[in-house]
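Under my numbering, the sequence shown has 608 at position 50, and the numbering climbs by one with no breaks. Each residue gets a CB set at the ideal place from its N, CA and C atoms; glycine is no exception. Since the structure comes first, as structure tokens, the remarks are kept for the end.
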Amino acid sequence: MATASRSREETDAKVQKFEGFLEEKLKPDLVHVVAQRDKALEEQKVFSDLSKNIKHLEQQKLRKLKSLVNLGSEVYAQAEVLFPLFEHDELRMSHHIHSSFWGD
Numbered sequence: 559m560a561t562a563s564r565s566r567e568e569t570d571a572k573v574q575k576f577e578g579f580l581e582e583k584l585k586p587d588l589v590h591v592v593a594q595r596d597k598a599l600e601e602q603k604v605f606s607d608l609s610k611n612i613k614h615l616e617q618q619k620l621r622k623l624k625s626l627v628n629l630g631s632e633v634y635a636q637a638e639v640l641f642p643l644f645e646h647d648e649l650r651m652s653h654h655i656h657s658s659f660w661g662d
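Given below as structure tokens:
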């Protein structure tokens, strides 16, 4: 009976040690790896969307494209891109400042 009791105590101690290892080491590692995976999937989606947009622009046979990009703090830059890009050494940009103020 004492052997069974000791064996049970040893088993419980090993289980607790393993649960501690899971909580302290494996779960944080898993959280980190999942975050890296999510970041990689986001980047893959951005590149996939970019590839689709490039193919669409090639199919449309556009000669130029105007774009308005938010630089942050509601400051925008307007760019005119001439196609095909490899035939032109310059990217003509004009600046367009747009600000928005929202009141409560």
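Asked: Secondary structure, beta strand (DSSP E): runs of 3+ residues fully inside the stretch 570–652; Found: 622–630, 633–640
Asked: Under 8 Å between C-beta atoms of glutamine 636 and leucine 626; Found: yes
Asked: Beta-carbon gap between valine 639 and leucine 623 smaller than 8 Å; Found: yes
Asked: For glycine 630 and glutamine 617, the rounded distance between their alpha carbons; Found: 32 Å
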